[in-house]
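Below is one structure, written out as structure tokens, with a few remarks after it.
In the working numbering, the protein residues as written are -4 to 108.
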């Protein structure tokens, strides 16, 4: 939940997900059940990142976290807390959220309530 401060776009100023304004330390919840396939900080531009594989087609990614609360290989439930929102290098408190269908970025708002 929160105001979208940078929308999804694959043209112009590319953003492969959405950036959602939120207070640093706010709980980040899994959008759906699945398996954590990545939990770390080694992908440039994403900060501390959690990636959840929901089935053979869908992944969701949660970037710019201050703290990760799950481990790779862990099964998570929809709504389960997976991380805490962090602050960007520009001092912006926000969550970066992506949805991938067969590896391609999709507009997350198509899948969120």
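Think of the CB as a built atom: it goes at the ideal place given N, C-alpha and C, for glycine as much as any other residue.
Is it right to say residue i is buried, meaning 16 or more other beta carbons lie within 10 angstroms of its own, or is it exposed?
i          : result
residue 76 : exposed
residue 62 : exposed
residue 38 : exposed
residue 72 : exposed
Below 8 angstroms on the Cβ atoms is my contact criterion, and I expect residue i with residue j to pass it. Report the Cβ-Cβ distance as a whole number of Å.
i           : j          : result
residue 65  : residue 31 : 5 angstroms
residue 28  : residue 52 : Going by Cβ atoms, the distance from residue 28 to residue 52 rounds to 14 angstroms, so no, they are not a contact pair.
residue 35  : residue 17 : Not a contact, Cβ separation roughly 21 angstroms.
residue 109 : residue 23 : With the chain covering only -4 through 108, there is no way to say anything about residue 109.
residue 88  : residue 19 : 5 angstroms
With a CB to CB cut of under 7 angstroms and the five nearest residues on each side skipped, what residues in its chain are close to residue i?
i           : result
residue 103 : 3, 12, 13, 92, 93 and 94
residue 54  : 46, 47, 48 and 95
Need the endpoints of the beta strand (DSSP E) that residue i sits in, please.
i          : result
residue 82 : 76 to 82
residue 42 : Segment: none, residue 42 is in no beta strand (DSSP E) and carries neither H nor E.
I need the DSSP call for residue i, collapsed to helix, strand or coil.
i           : result
residue 104 : helix
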